[in-house]
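K.L.:
Residue numbers (this note's numbering), protein chains in the order written: chain A, 87 to 505; chain B, 5 to 133.
Here you go, one structure.
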Amino acid sequence: MKKFVSIFTIFLVMTLFTVSVYAQKATEQKQAEAKPIEQKTEEAQKETVTIQIDKTQLSGGGKITITGKAPAGKDVYIEIYSERKVRAARLDSDPDPKTGKRPYIFYMTDDMPAYYRLIVPEKYKSVLDDAKAKGRKWSVSEVIKNTGADAVYGYPAKIKIERYQTTLWASIIGSRGEKLEPMDEKENKKRSMQLLKAKFRSVGNVFSSNLKIEQDGTFKAEIELPSNAAPGKYHIIAKVGKDIKSESVAVENFVTFPNVYLSNAGRTVNLFFPFILTAAITTFGVIMGAGGGFILNPILVMLGLPHTVVAGSVMPTVLFSQASGIYNYSKIKFISWKLGITLGIAMAAGGFIGPKLTELITLEQYKFLFGWVLIILAALMLWQTTPGYLEKNKKEQAILKEFKKRAEEAAKKKQQGGN
Amino acid sequence: MRIEFWGQEFKANLFIGIPGAFIIAIMSSMFGFGGGPFMVPLMTVFMRLPMYVVVGSSLLAIFFNTLMGTARHYGFGNFDLIFFLIMFPAAIIGGFIGPRIAKRLSPVAVKRVAVLGLLILALRLLGVF
């Protein structure tokens, strides 16, 4: 036990050290890279768009005011995207309107900006409100069409999207399926809109209508970068049409310790928050005898972290405790290797398939299935508090204790004999 | 399958055990939680094995799942190193404090509170409220 405590302490110190060094380094690097950005203050000419921003640096998010001038009487749109990229994925299983066949094509990109916002003129606020009222059924393409932004929707339309033909069999053997030919420009644009929704979920996370345009063509917009926004540059462009656009200006966001950027999740978090949350929930998980993942994962998902990253990062945290548990049981020969390995092979096969499914399902499906898993777990635990079970369990626990004692004694004897 | 454990022989029904373990492993690796609370009832209730055979062996079986699931999640790029490095020590701290507090609490009362908590969480996930 003492040995374990000391190993654990060493490990804890090392981990904290690594994390803080990483965060520190990242900050220094960014500061070194930071350069003042030249603002374009040319005189506004006809058919040109100019843009200025009130600051070029932000720390942990904040408000930016964007001003500029466009040809009078035209709608101006502003596109903002981060240089940091994240993954977005979507399984297209909607039946074809003509044939009724489900395509089962898996679309995936690693080039989705961690932050994207298309600011439309204020007069289109009602379009956004309509989309919001639709709940989950809103669509990016419809909003873009109704706000007249089709020609100015630019950056995400060009991201590289890969697509795979998924089949039931491919999912069973845990493969993404056969990779299909790259899409043409138009198709890529259409799919990018679906991926935007898959990644950012709500209307307000993709669109904003906080853009005032005066009659002479000057415009002013405000945008608030959230505190959990990714570090790095954010590019801002004002557009009137496909080719009538301003130069791109950039604002750089800095993330400082104790905030750290989770590159796979595309979010900045305060280091202490998940630490305390995890410690508290695993403590409770151990007390209730069911492990922390059941409570921790849904909470992290509800807080907005992608379910794939939550599942993929929480799972390895128990590797160490499981391994030490197995080691302790094996020391007293309290494991039936034959039984454990036989069932273990079946579980390894399941573990091969599961992560593939995490990737395929949407957040809604994840929540739905997890909800039912929790109900089953709650039923199981309720049953474990019934008098009949408790009595049986008492006997079982007594036998377990007795056997364990004998096993420990035998292990001790053997050790002494060996010496 | 016949297994021997401390001089006693047991019959393990693999027709239930293997499909059960397989399904539990899929769910567990898909959502990223531990499979213990489902594996132990599977082995004690459905395979009719005594608790003292189950405790160690179920842990070994689950370890296979965790190892494979971790490798696969990593392969699909769903593993975030910094996130993991934050949670890992926290999970170990929880594993230390938990049993010490558990000793002072009534396990039945804890389970009942947990049932309530899980139900609330489940209903939130299902969008009931």
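A virtual CB, placed ideally from N, CA and C, is assigned to each residue, including glycine.
Every value quoted in this text rests on a predicted model; they were computed, and no experiment measured them.
What are the residues that DSSP puts in a beta bridge with residue 46 of chain B?
P.N.:
DSSP output for residue 46 of chain B lists no bridge partner at all.
K.L.:
Using only the alpha-carbon positions, how far apart do residue 16 of chain B and residue 418 of chain A sit?
P.N.:
22 Å
K.L.:
Since residue 115 of chain B meets chain C, which of its residues come closer than 7 Å, beta carbon to beta carbon?
P.N.:
Judged by its chain identifiers, the structure shown contains no chain C, and its protein chains are A and B.
K.L.:
Just checking: is the beta-carbon of residue 110 of chain A within a distance shorter than 8 Å of some beta-carbon in chain B?
P.N.:
With a pLDDT of 48 at residue 110 of chain A, under the threshold of 50, the modelled position of that residue is not reliable, and no figure is offered here.
K.L.:
Going by CA-CA distance only, name the one from A:348, A:485, A:358 that's closest to residue 81 of chain B.
P.N.:
A:348
K.L.:
For the candidate residues A:240, A:430, A:158, A:449, whose alpha-carbon lies nearest to that of residue 47 of chain B?
P.N.:
A:430
K.L.:
Mind listing, in chain order, the continuous alpha helix (DSSP H) runs of no fewer than 4 residues lying wholly within the region 60-125 of chain B?
P.N.:
85-106
K.L.:
Compare the C-beta of residue 136 of chain B against all C-beta atoms of chain A and say whether one is closer than 8 Å.
P.N.:
Because chain B in this structure spans residues 5 to 133, residue 136 of chain B falls outside the shown range and cannot be described.
K.L.:
Can you have a look at residue 84 of chain B and say buried or exposed, based on whether 16 or more other CB atoms are within 10 angstroms of its CB?
P.N.:
buried
K.L.:
Taking the DSSP output, what are the residues bridged to residue 338 of chain A?
P.N.:
A:143, A:319
K.L.:
What would DSSP say about residue 233 of chain A, mapped onto helix, strand or coil?
P.N.:
coil
K.L.:
Taking only the alpha-carbon atoms, compute the straight-line gap between residue 210 of chain A and residue 216 of chain A and give it to the nearest angstrom.
P.N.:
Cα to Cα, the separation comes out at about 10 Å.
K.L.:
Just verifying my parser: in three-state terms, what is the DSSP assignment at residue 204 of chain A?
P.N.:
strand
K.L.:
Listing by chain order, which chain B residues have their CB less than 8 Å from the CB of residue 173 of chain A?
P.N.:
81
K.L.:
Would the region 116-125 of chain B count as touching the region 373-389 of chain A if we require 3 or more Cβ pairs under 8 Å?
P.N.:
Contact between the region 116-125 of chain B and the region 373-389 of chain A is present, because at least three Cβ pairs lie under 8 Å.
K.L.:
Near residue 128 of chain A, which residues of its chain fall below 7 Å by C-beta distance, leaving aside the five closest residues on each side in sequence?
P.N.:
Since pLDDT at residue 128 of chain A reaches only 43, below the 50 mark, its modelled position is unreliable, and the value read off the structure follows with that caveat. The residues are 136.
K.L.:
Closer than 6 Å by C-beta to residue 350 of chain A: which residues in its own chain qualify, once you throw out the five before and the five after it? Chain order, please.
P.N.:
395
K.L.:
State the start and end residues of the unbroken alpha helix (DSSP H) segment that holds residue 451 of chain A.
P.N.:
Taken as a continuous stretch (DSSP letters only), the alpha helix (DSSP H) holding residue 451 of chain A covers 449-469.
K.L.:
Quick check: the Cα distance between residue 237 of chain A and residue 246 of chain A, rounded to an integer number of angstroms?
P.N.:
19 Å
K.L.:
In chain order, what residues of the same chain have a beta carbon less than 8 Å from the beta carbon of residue 231 of chain A, not counting five sequence neighbours either side?
P.N.:
none
K.L.:
Run the CB neighbour count on residue 224 of chain A, radius 10 Å, all protein chains shown included, and call it buried at 16 or more, exposed below.
P.N.:
buried
K.L.:
Runs of 4 residues minimum, wholly inside the region 227-289 of chain A: which ones carry the alpha helix (DSSP H) assignment?
P.N.:
254-258, 271-286
K.L.:
Around the Cβ of residue 93 of chain B, are there at least 16 other Cβ atoms within 10 angstroms (buried) or fewer (exposed)?
P.N.:
buried
K.L.:
For residue 302 of chain A and residue 200 of chain A, which I take to be in contact (beta-carbon distance under 8 Å), what is that distance rounded to the nearest angstrom?
P.N.:
No, residue 302 of chain A and residue 200 of chain A are not in contact; Cβ-Cβ is about 36 Å, not under 8 Å.
K.L.:
Flag this pair as yes or no: are the beta carbons of residue 89 of chain B and residue 411 of chain A separated by less than 8 Å?
P.N.:
No, Cβ-Cβ distance for residue 89 of chain B and residue 411 of chain A is not below 8 Å.
K.L.:
Can residue 60 of chain B and residue 415 of chain A be called in contact, C-beta distance under 8 Å?
P.N.:
With contacts defined by Cβ atoms closer than 8 Å, residue 60 of chain B and residue 415 of chain A form a contacting pair.
K.L.:
Suppose you measure from the CA of residue 109 of chain A to the CA of residue 345 of chain A; what does that come to, to the nearest Å?
P.N.:
A caution first: residue 109 of chain A carries a pLDDT of 49, below 50, which makes its placement in the model too unreliable to give a value.
K.L.:
Would you tell me roughly how many angstroms separate the C-alpha atoms of residue 409 of chain A and residue 13 of chain B, rounded to the nearest one?
P.N.:
26 Å
K.L.:
What number of angstroms, rounded off, separates the C-alpha of residue 354 of chain A from the C-alpha of residue 314 of chain A?
P.N.:
4 Å
K.L.:
Give a yes or no on whether the minimum CB-CB distance between residue 368 of chain A and chain B is below 8 Å.
P.N.:
For residue 368 of chain A, the answer is yes, since a Cβ of chain B falls inside 8 Å of its Cβ.
K.L.:
State the Cα-Cα distance for the pair residue 174 of chain A and residue 422 of chain A, rounded to the nearest angstrom.
P.N.:
43 Å
K.L.:
Are the beta-carbon atoms belonging to residue 150 of chain A and residue 161 of chain A less than 8 Å from one another?
P.N.:
no
K.L.:
DSSP on residue 473 of chain A, reduced to helix/strand/coil?
P.N.:
helix
K.L.:
Between residue 90 of chain B and chain A, is the shortest Cβ-Cβ distance under 8 Å, so that the two count as touching?
P.N.:
Yes, its Cβ sits closer than 8 Å to a Cβ of chain A.
K.L.:
Use the C-beta contact count for residue 145 of chain A: other C-beta atoms within 10 angstroms, 16 or more gives buried, fewer gives exposed.
P.N.:
Residue environment: residue 145 of chain A is assigned as exposed (fewer than 16 neighbouring CB atoms within 10 Å of its CB, all protein chains considered).
K.L.:
Relative to the C-alpha of residue 171 of chain A, which residue among A:460, A:474, A:370, A:352 is closest?
P.N.:
A:352
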